[in-house]
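Quick notes on the structure that follows.
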Amino acid sequence: MPKPAQATPKTIKKGAPDFQLLVLTFVLIGFGILMVFSASSSLALTSASYNNDALYFTKRHIMYAIIGTIAMFFAMKAHYSKYKKWFAPFFLITLVLLLAVLVVGVHLNGARSWIRLPGGASLQPAEFAKLAVILYLSALIAKKGDRLRDLRTGYIPVMLIVGLVAGLIMLQPDLGSCMILVATAGLIIYVGGASMKHIMASVMLLVLGAAIVFGISSLFTKDEPASGNYRADRIEAYLNPFADPTGGTYNMLQSLIAIGEGGVTGAGFGKSIQKLHYLPNPYNDFIFAIIAEEFGLIGTVLFLLVYAYFIWRGIIIALRCPDIFGTLAGVGIMGLFAIQAFINIGGVTKTIPLTGVPLPFISYGGTSLVIMMLSMGIMLSISRETNRALAEKQETGNGYTRRQSVSMRMK
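Pasting the structure below:
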């Protein structure tokens, strides 16, 4: 009688994606669709520019969500290790887009950050850059291993990539996206095991470099007359939102009014007052203020708890991945969501100066939503490998080699 076949990695079924992470993703996307409808319907209904269609933004947001869902499932089906090979062409395309937007980009609100596409759609290369840098750094650090701690051969080449992309984004200039990219890159580099003294020195250099690029771009880029000096206005709004209530600090003041009007229980879904031509772009950068007004303190806290659990769940999955690249990419993706959410919510609530970035999965947006969902597809692919490794361990009774990024960090 032949002996029973021993379980091997080839006979282990492909791991299933993390169910909780998948459900939480669709919960956030669904909630985002509801909030985009609530925040935009009155504006779209009363504007001929939007065909007096209350569902104008909602329908477009759903279309982007469908495209993002398709991208997410395709990314989830592919084994995450393939992104080690695919990151190079993706990164090169991103660099081309970042250069192109400086030449043919649409100038809006003092920045040239969008490339207009046929049919009225637009493309924001900075959103591609966030994911491209995550994949690039994850692959590069995984390849370097302990050599990352060497300044000349390990750390400097990594920082040159971050500095290049950050500099191109600052030339637009897009301070919010640059901050998010640099912070996310710093998180990946830290988890990858870089020396803290190298990290602190590079932070100082990046701040100095960003200030120089920002100053040079200000000499050659003039704000639109209608927008005024919006950078100074945002600093003034942070320091004193009542300084110019009908001018530069208007947006910040209206956001705080919306949050205050929400109280403990909120005005109720769809019953926001500030979205009625008081708060500009309530469906985008200031959508959290509408959430606070309509759902109050209780609803806002519940939303933040769900969001925090979503981030925590993703990070746990990344740390359990048996491969360094998967761990770094997963931490980078979930760190991106957390950092961008903090900058959006912090700006809307006057915790930090306002920078104007969308709230992931919630704010209206095309490129941002699609790229965020594509990133989640990669994250879910990582969860499949994590689950597969756990299933293999249970099936064979043998342990598997844990990824070394955390141990590298502890050295």
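The sequence shown runs 1404 to 1814 under our numbering. Ideal Cβ placement from N, Cα and C applies to all residues, glycine included.
How would you label Val1594, buried or exposed, when you count the other beta carbons within 10 angstroms and need 16 or more for buried?
Burial check for Val1594: the Cβ neighbour count within 10 Å reaches 16 or more, so the residue is buried.
Under 9 Å between C-beta atoms of Gln1743 and Pro1761:
Taking 9 Å as the Cβ cut-off, Gln1743 and Pro1761 qualify as a contacting pair.
Span of the alpha helix (DSSP H), counted from its first residue to its last, around Leu1818:
Within the shown structure, residues of the chain are numbered from 1404 to 1814, placing residue 1818 beyond reach of any answer.
Trp1517 bridges to which residues according to DSSP?
For Trp1517, the pairing in a beta bridge is given by DSSP as Val1509.
Whose C-beta lies closer than 6 Å to the C-beta of Ser1675 among residues of the same chain, with five residues either side of it excluded?
Within the same chain, Ile1693, Glu1696 and Glu1697 come within 6 Å of Ser1675 by CB-CB distance, once the 5 residues on both sides are set aside.
C-alpha gap between Leu1427 and Met1779, whole angstroms
So the alpha carbons of these two residues sit roughly 11 Å apart.
Would Met1479 and Arg1787 qualify as a contact pair, given that the criterion is a beta-carbon distance under 9 Å?
Taking a C-beta distance under 9 Å as the contact criterion, Met1479 and Arg1787 qualify as a contact pair.
Give me, in chain order, the residues of the same chain whose beta-carbon lies closer than 7 Å to that of Ala1524; leave out the 5 immediate sequence neighbours on both sides.
Once the five neighbours on either side are set aside, the close Cβ partners of Ala1524 are Gly1769.
To the nearest angstrom, report how far apart Leu1578 and Ile1746 are at their CA atoms.
Computed Cα separation, rounded: 11 Å.
Whole angstroms is fine: what's the gap from Leu1563's alpha carbon to Pro1492's?
Each residue's alpha carbon lies about 18 Å from the other.
Backbone secondary structure at Ser1778 - three-state DSSP:
Three-state result, Ser1778: helix.
Excluding the five sequence neighbours on either side, which residues of its own chain have a C-beta within less than 7 Å of the C-beta of Gly1733, listed in chain order?
The residues are Gly1717, Ile1720, Ala1721, Cys1724, Met1782 and Ile1785.
Based on the DSSP secondary-structure assignment, which residues constitute the bridge partners of Ser1525?
Beta bridge pairing from DSSP links Ser1525 with Arg1519.
Residue range of the alpha helix (DSSP H) that includes Tyr1653:
Annotation: the continuous alpha helix (DSSP H) that includes Tyr1653 extends over Tyr1653 to Gly1665.
Should Lys1678 and Ala1442 be called a contact, given that it needs their Cβ atoms to be closer than 9 Å?
Their beta carbons are under 9 Å apart, which means Lys1678 touches Ala1442 by this criterion.
Answer with buried or exposed for Phe1490, where buried requires no fewer than 16 other C-beta atoms within 10 angstroms of its C-beta.
Around the beta carbon of Phe1490, a 10 Å sphere encloses 16 or more other beta carbons of the protein chains shown; the residue is thus reported as buried.
When you compare the region 1492–1507 with the region 1528–1536, are there three or more beta-carbon pairs, one atom per stretch, that lie closer than 8 Å?
Touching, per the Cβ criterion.
Taking the alpha-carbon positions, what's the Leu1611 to Thr1587 distance?
Near 18 Å, if we compare the C-alpha coordinates of Thr1587 and Leu1611.
Could you tell me whether the region 1652–1660 touches the region 1678–1692, where touching means 3 or more Cβ pairs closer than 8 Å?
Look at the beta carbons and you see the region 1652–1660 touching the region 1678–1692: at least three pairs across the two are nearer than 8 Å.
Range covered by the alpha helix (DSSP H) that runs through Arg1716
Looking at the DSSP string, the run of the alpha helix (DSSP H) that includes Arg1716 is Ile1690 to Leu1722.
Pairing CB atoms from the region 1543–1561 with CB atoms from the region 1507–1516, are three or more of them under 8 Å?
No contact exists between the region 1543–1561 and the region 1507–1516.
Tell me, please, whether the CB atom of Ile1496 is closer than 9 Å to any CB atom in chain D?
Checking the listed chains, one finds no chain D in this structure; it contains a single protein chain.
Would you check if the distance between the CB atom of Gly1749 and the CB atom of Tyr1483 is smaller than 9 Å?
Taking the C-beta atoms as reference points, Tyr1483 is found no nearer than 9 Å to Gly1749.
DSSP three-state label for His1680, please.
Three-state result, His1680: coil.
Nearest residue (CA-CA) to Thr1668, options Leu1659, Val1704 and Phe1689
Minimum Cα distance to Thr1668 is reached at Val1704.
Which stretch, first to last residue, makes up the alpha helix (DSSP H) that contains Ser1444?
Residues Phe1422 to Leu1448.
What are the start and end residues of the alpha helix (DSSP H) that includes Thr1461?
Tyr1459 to Lys1480 is the extent of the alpha helix (DSSP H) around Thr1461.
Alpha carbon to alpha carbon, how far is Asn1615 from Tyr1486?
The sequence as given places Ile at residue 1615; Asn does not occur at that position. The straight-line gap from Cα to Cα measures roughly 34 Å.
Neighbourhood of Gly1699 by C-beta distance below 7 Å, restricted to the same chain and skipping five residues each side:
Only residues of its own chain outside the window of five on either side were considered, and among them Gly1665, Gly1666, Val1667, Thr1668 and Gly1669 have a CB closer than 7 Å to the CB of Gly1699, listed in chain order.
Can you tell me whether DSSP reads Gln1815 as helix, strand or coil?
Examination of residue 1815 is not possible in this model, given that the chain is present from 1404 through 1814 alone.
Quick one: give me the first and last residue of the alpha helix (DSSP H) that Gly1569 is part of.
Reading the sequence as shown, one finds Ala at residue 1569 and not Gly. Note, Ala1569: alpha helix (DSSP H), Ile1559 to Met1573.
What does a CB cutoff of less than 8 Å around Asn1455 pick up in its chain, not counting 5 residues either side in sequence?
Counting only Cβ-Cβ distances below 8 Å, and skipping sequence neighbours, we find Ala1447, Leu1448 and Thr1449.
Quick check on the burial criterion: 16 or more other C-beta atoms within 10 angstroms. Buried or exposed for Leu1584?
Flag for Leu1584 reads buried.
Please determine, among Pro1763, Gly1663 and Leu1777, the residue with the shortest C-alpha to C-alpha distance to Ala1474.
When each option's Cα is compared against that of Ala1474, the closest is Leu1777.
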